[in-house]
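**Student:** My questions all concern the structure below.
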Amino acid sequence: MRPRRQAAPERKDVPHVTEKGLRDVVAADTKVSDIDGQLGKLWYVGYPIEDLAEHATFEEVVYLLHHGELPTRSQLDELTRFLAHERKLSPFGTKMMPTLADTASPMSMLRTMVSGTSTFDPDGWDESPDAQYRKAMRLIARTPSMITSYHRLRTGQEVVPPNPRLSNAANFLWMLHGEEPDPDDVKAMDVSFILYADHTMNASTFTARIIASTLADMFSAITGAIACLKGPLHGGANEEAMKMLEEVAKPENAEGYVADRLARKEKIFGFGHAVYTTMDPRAAIFKDYSRRTGEAHGDTSWYEISEAIEETTFEQKGLYPNVDFYAASVYHVLGIPTDLMTPIFALARMAGWTAHVREQYADNRVIRPDSDYVGPSERPWDPIDDRA
Ligand SMILES: CC(C)(COP(=O)(O)OP(=O)(O)OC[C@H]1O[C@@H](n2cnc3c(N)ncnc32)[C@H](O)[C@@H]1OP(=O)(O)O)[C@@H](O)C(=O)NCCC(=O)NCCS
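Numbering (the numbering used here), first residue to last: 1 to 388.
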């Protein structure tokens with residue numbers, strides 16, 4: 001019998017994780033965004049999210065996240081033109097879409113499309129920084145077309161071609177509904193894209209950076225990020241929040257609903273956050289848009305149910321809403337089907353994911369943490385007939 005492996009001496013030089021979920025680990029330096037969880041503050045490259053939501057367009061935010069500065073007018077025009085002309089799906093993507101519209105859920109479609117169309121990028125396997133930038137912009141431009149084409153096909157409608165005269169947000173609503181959108185709806189959509197565009201080292205961004213750190217290509221990193229976003233503890237929460245609003249149905253049902261869920265130790269989706277111990281600043285902005293969009297469409301019922309759930313969840317559990325909670329009522333009032341809410345999160349987060357992937361490539365070391373082994377120590381092989 002071989003000697004048992006000695007337990008490894010404690011590695012004092014390696015900082016150990018003291019909390020599950022890597023809460024106390026700083027995984028990278030980044031210039032893209034920053035959060036103060038106690039103050040409830042979020043900045044993209046130094047600009048407060050409130051200022052960006054009020055003054056910027058999504059296209060300006062894309063430029064900011066990727067270049068580290070706000071664009072001049074001519075820089076913005078150039079980027080806007082590039083994005084508007086890159087919206088069309090590749091011939092392979094167009095061919096694949098009807099099958100996915102028949103068989104796949106929206107997030108599975110998105111994950112598959114990004115992966116499946118990767119070899120059809122005009123820059124091919126060119127991994128130079130300039131090619132990476134163009135690939136990032138094409139992903140940002142094409143994701144809305146993937147979501148809208150998918151939805152049109154699955155509902156038996158004709159795919160609406162992209163309109164290069166429209167902004168990213170306006171074009172999304174145009175391709176989804178086939179009608180020129182109302183300017184206030186476009187503003188609400190655009191603000192939602194800005195709010196979802198980046199959020200430091202969240203689970204999907206970390207996933208993308210890990211994949212990029214092996215020098216795998218941009219499409220692989222983004223495919224992984226989409227897969228990670230899908231879960232209800234991350235991007236899937238806005239859809240779960242919408243289902244909850246429908247189940248609650250009236251503000252007066254909120255108290256009992258929340259009490260029942262908490263008694264069963266179930267999560268209230270759209271509440272709580274790994275970083276914010278106070279109100280998520282994005283939730284405050286979405287809340288305002290939930291009320292405004294509801295008023296503009298003559299239906300504030302979703303806002304009222306949401307507010308009742310917010311009040312009772314705070315009273316009963318001390319939890320604040322996160323970005324996904326009021327996003328649900330905004331999207332619902334804008335006529336967005338519930339199962340497209342997480343894909344919309346993905347189309348906006350594409351801006352941040354790709355910026356982080358490029359940042360990772362620019363200063364890379366493979367991300368490879370260690371683990372503490374807590375299983376049995378070395379033991380002899382048991383022949384199959386001797387096993388208990
Ligand atoms: C976001 C989230 C995953 C953060 O998780 P976390 O930092 O690990 O927080 P924990 O899960 O450790 O929660 C700490 C405590 O608050 C509770 N809690 C956190 N969020 C909760 C929620 N939404 N509903 C009910 N209880 C919640 C936990 O059950 C735990 O309670 P306990 O101490 O009595 O066991 C968590 O808040 C959550 O699951 N929220 C719902 C999903 C969601 O909205 N996700 C989108 C995030 S932007």
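Virtual Cβ for every residue (Gly too), placed ideally from N, Cα, C.
Look up PRO48 in the DSSP assignment and say whether it is helix, strand or coil.
**Tutor:** Indexing the sequence shown from 1 puts residue 48 at position 48. PRO48 falls in the strand class under three-state DSSP.
**Student:** DSSP state of MET1, grouped into three classes?
**Tutor:** By one-based count along the sequence shown, residue 1 stands at place 1. Low confidence applies here, because MET1 scores a pLDDT of 40, under 50, leaving its location unreliable; read the following figure in that light. Here MET1 sits in coil by DSSP.
**Student:** What first and last residue would you give for the alpha helix (DSSP H) that runs through SER74?
**Tutor:** Taking the sequence shown and counting its residues from 1, one reaches residue 74 at position 74. 73-85 is the span of the alpha helix (DSSP H), which, as asked, contains SER74.
**Student:** Only counting the same chain, and skipping five residues up and downstream in sequence, which positions put a Cβ closer than 8 Å to that of ILE226?
**Tutor:** Residue 226 sits at position 226 when you count from the first residue of the sequence shown. Closer than 8 Å at Cβ, skipping near neighbours: MET107, LEU110, ARG111, VAL114, SER204 and ALA346.
**Student:** Using only the alpha-carbon positions, how far apart do PRO369 and PHE206 sit?
**Tutor:** In the sequence shown, residue 369 corresponds to position 369, counting from 1. In the sequence shown, residue 206 corresponds to position 206, counting from 1. Each residue's Cα considered, the two are about 13 Å apart.
**Student:** Contact check, ASP324 vs GLY272 under 8 Å by CB: the rounded distance?
**Tutor:** Working through the sequence shown from its first residue, we reach residue 324 at position 324. Working through the sequence shown from its first residue, we reach residue 272 at position 272. About 11 Å separates the two Cβ atoms, so there is no contact after all.
**Student:** Drop a sphere of 10 angstroms on the beta-carbon of LEU89, count the other beta-carbons inside from all chains shown, and report buried for 16 or more, exposed for fewer.
**Tutor:** Walking along the sequence shown from the start, residue 89 turns up at place 89. Classification of LEU89: buried, given that the 10 Å Cβ count is 16 or more.
**Student:** Within this structure, are the beta carbons of TYR289 and SER306 separated by less than 8 Å?
**Tutor:** Taking the first residue of the sequence shown as position 1, residue 289 is located at position 289. Taking the first residue of the sequence shown as position 1, residue 306 is located at position 306. Cβ atoms of TYR289 and SER306: not closer than 8 Å.
**Student:** Any heavy atom of ligand 1 closer than 7 Å to the beta-carbon of ILE268?
**Tutor:** Indexing the sequence shown from 1 puts residue 268 at position 268. Checking every heavy atom of ligand 1 against the Cβ of ILE268, one is found closer than 7 Å.
**Student:** Ligand 1 and PRO181: does any heavy atom of the ligand fall closer than 7 Å to the residue's C-beta?
**Tutor:** Locating residue 181 in the sequence shown gives position 181, where the first residue counts as 1. No, the Cβ of PRO181 stays beyond 7 Å of every heavy atom of ligand 1.
**Student:** Can you look up TRP174 in the DSSP assignment and give me helix, strand or coil?
**Tutor:** Counting from 1 along the sequence shown, the entry for residue 174 is found at position 174. Of the three classes helix, strand and coil, the one that applies to TRP174 here is helix, per DSSP.
**Student:** Output the boundary residues of the alpha helix (DSSP H) element that contains ILE309.
**Tutor:** Locating residue 309 in the sequence shown gives position 309, counting from the first residue. Where ILE309 is concerned, the enclosing alpha helix (DSSP H) stretches over 301-317.
**Student:** For ligand 1, is there a heavy atom less than 7 Å away from the beta-carbon of ASP121?
**Tutor:** Within the sequence shown, the letter at position 121 stands for residue 121. Because no heavy atom of ligand 1 lies under 7 Å away, the Cβ of ASP121 does not count as near it: no.
**Student:** State the Cα-Cα distance for the pair ASN171 and LEU139, rounded to the nearest angstrom.
**Tutor:** Stepping through the sequence shown from its first residue, residue 171 is reached at position 171. Stepping through the sequence shown from its first residue, residue 139 is reached at position 139. Taking the straight line joining both Cα atoms gives about 15 Å.
**Student:** Just verifying my parser: in three-state terms, what is the DSSP assignment at LYS265?
**Tutor:** Numbered from its first residue, the sequence shown carries residue 265 at position 265. The answer is coil: DSSP assigns LYS265 none of H, G, I, E or B.
**Student:** What residue range does the beta strand (DSSP E) around ASP324 cover?
**Tutor:** Here residue 324 corresponds to residue number 324 of the sequence shown, with the count starting at 1. Looking at the DSSP string, ASP324 is not in any beta strand (DSSP E); the run it does join, the alpha helix (DSSP H), is 323-333.
**Student:** Could you check where the beta strand (DSSP E) with ILE35 kicks off and where it finishes?
**Tutor:** Here residue 35 corresponds to residue number 35 of the sequence shown, with the count starting at 1. From DSSP, the beta strand (DSSP E) with ILE35 extends over 33-36.
**Student:** For LEU42, which beta-bridge partners are listed by DSSP?
**Tutor:** Within the sequence shown, the letter at position 42 stands for residue 42. Per DSSP, ILE35.
**Student:** Comparing the CB of VAL323 with every heavy atom of ligand 1, is any distance shorter than 7 Å?
**Tutor:** On the sequence shown, position 323 is the one that residue 323 refers to. Yes, ligand 1 has a heavy atom inside 7 Å of this Cβ.
**Student:** Would you kindly work out how many angstroms separate the C-alpha atoms of ASP126 and PHE286, rounded to a whole number?
**Tutor:** Residue numbering aside, residue 126 sits at position 126 when the sequence shown is read from its first letter. Residue numbering aside, residue 286 sits at position 286 when the sequence shown is read from its first letter. Distance between the alpha carbons of ASP126 and PHE286: 39 Å.
**Student:** Does the segment 179-195 come close enough to the segment 372-382 to have 3 or more Cβ pairs within less than 8 Å?
**Tutor:** These segments do not touch.
**Student:** By how many angstroms is the C-alpha of LYS135 removed from the C-alpha of THR119?
**Tutor:** Start at 1 with the first residue of the sequence shown, and residue 119 comes out as number 119. Start at 1 with the first residue of the sequence shown, and residue 135 comes out as number 135. The straight-line gap from Cα to Cα measures roughly 11 Å.
**Student:** Considering only the beta carbon of each residue, do ILE268 and VAL258 sit closer than 8 Å?
**Tutor:** Against the sequence shown, residue 268 aligns to sequence position 268. Against the sequence shown, residue 258 aligns to sequence position 258. Yes, Cβ-Cβ distance for ILE268 and VAL258 is below 8 Å.
**Student:** Going by CA-CA distance only, name the one from MET201, SER145 and TYR133 that's closest to HIS21.
**Tutor:** For the purposes of this step, residue 21 is taken as the residue at position 21 of the sequence shown. In the sequence as presented, His is not what sits at residue 21; that position holds Gly. Of MET201, SER145 and TYR133, the residue nearest in Cα terms is MET201.
**Student:** Counting only the same chain and skipping the five closest in sequence on each side, list residues whose C-beta sits under 7 Å from that of HIS177.
**Tutor:** The residue you call residue 177 lines up with position 177 of the sequence shown. Closer than 7 Å at the Cβ level, and outside the excluded window around HIS177, lie GLY335.
**Student:** Restricting to runs no shorter than 4 residues, where is the alpha helix (DSSP H) found entirely within the segment 130-177?
**Tutor:** Entirely contained in the segment 130-177, the alpha helix (DSSP H) runs reaching 4 residues are, in chain order, 168-177.
**Student:** Considering just the uninterrupted stretch of the alpha helix (DSSP H) at GLY298, what are its terminal residues?
**Tutor:** The count along the sequence shown starts at 1 and reaches residue 298 at position 298. From DSSP, GLY298 is part of no alpha helix (DSSP H); its letter is neither H nor E.
**Student:** Within the same chain, show all residues whose beta-carbon is closer than 8 Å to that of ILE129, passing over the 5 residues directly before and after it, in chain order.
**Tutor:** As a first step, residue 129 is located in the sequence shown; it is residue number 129 there, counting from the start. Contrary to the premise, residue 129 reads as Pro rather than Ile in this sequence. Here the set comprises ARG358, TYR361 and ALA362.
**Student:** Since PHE271 sits in a beta bridge, which residues does DSSP pair it with?
**Tutor:** For this step, residue 271 is matched to residue 271 along the sequence shown. PRO321, per the DSSP bridge assignment.
**Student:** Please report the distance separating the alpha-carbon of GLN157 from that of GLU315.
**Tutor:** For the purposes of this step, residue 157 is taken as residue 157 along the sequence shown, with counting starting at 1. For the purposes of this step, residue 315 is taken as residue 315 along the sequence shown, with counting starting at 1. Roughly 45 Å separates the two Cα atoms.
**Student:** So which of ALA308, GLU266 and GLY235 has the shortest CA-CA distance to ALA249?
**Tutor:** Mapped onto the sequence shown, residue 249 falls at position 249. It is ALA308.
**Student:** Going along the chain, which residues of its own chain have a beta-carbon closer than 8 Å to the beta-carbon of ALA241, five neighbours each way excluded?
**Tutor:** The count along the sequence shown starts at 1 and reaches residue 241 at position 241. Closer than 8 Å at Cβ, skipping near neighbours: PHE269, GLY270, ASP324, PHE325, ALA327 and ALA328.
**Student:** Taking 8 Å as the threshold (C-beta atoms), are ARG87 and SER149 in contact?
**Tutor:** Position 149 of the sequence shown, counting from 1, holds the residue named residue 149. Position 87 of the sequence shown, counting from 1, holds the residue named residue 87. No.
**Student:** Pairs of beta-carbons, one from the segment 337-345 and one from the segment 207-224, closer than 8 Å: are there three or more?
**Tutor:** Contact fails: fewer than three Cβ-Cβ distances are below 8 Å.
**Student:** Of all the options PRO98, GLY93, ALA104 and TYR133, which has the alpha carbon lying nearest to the alpha carbon of GLY116?
**Tutor:** Position 116 of the sequence shown, counted from the start, is the residue given in the question as residue 116. For GLY116, the nearest C-alpha among the options comes from GLY93.
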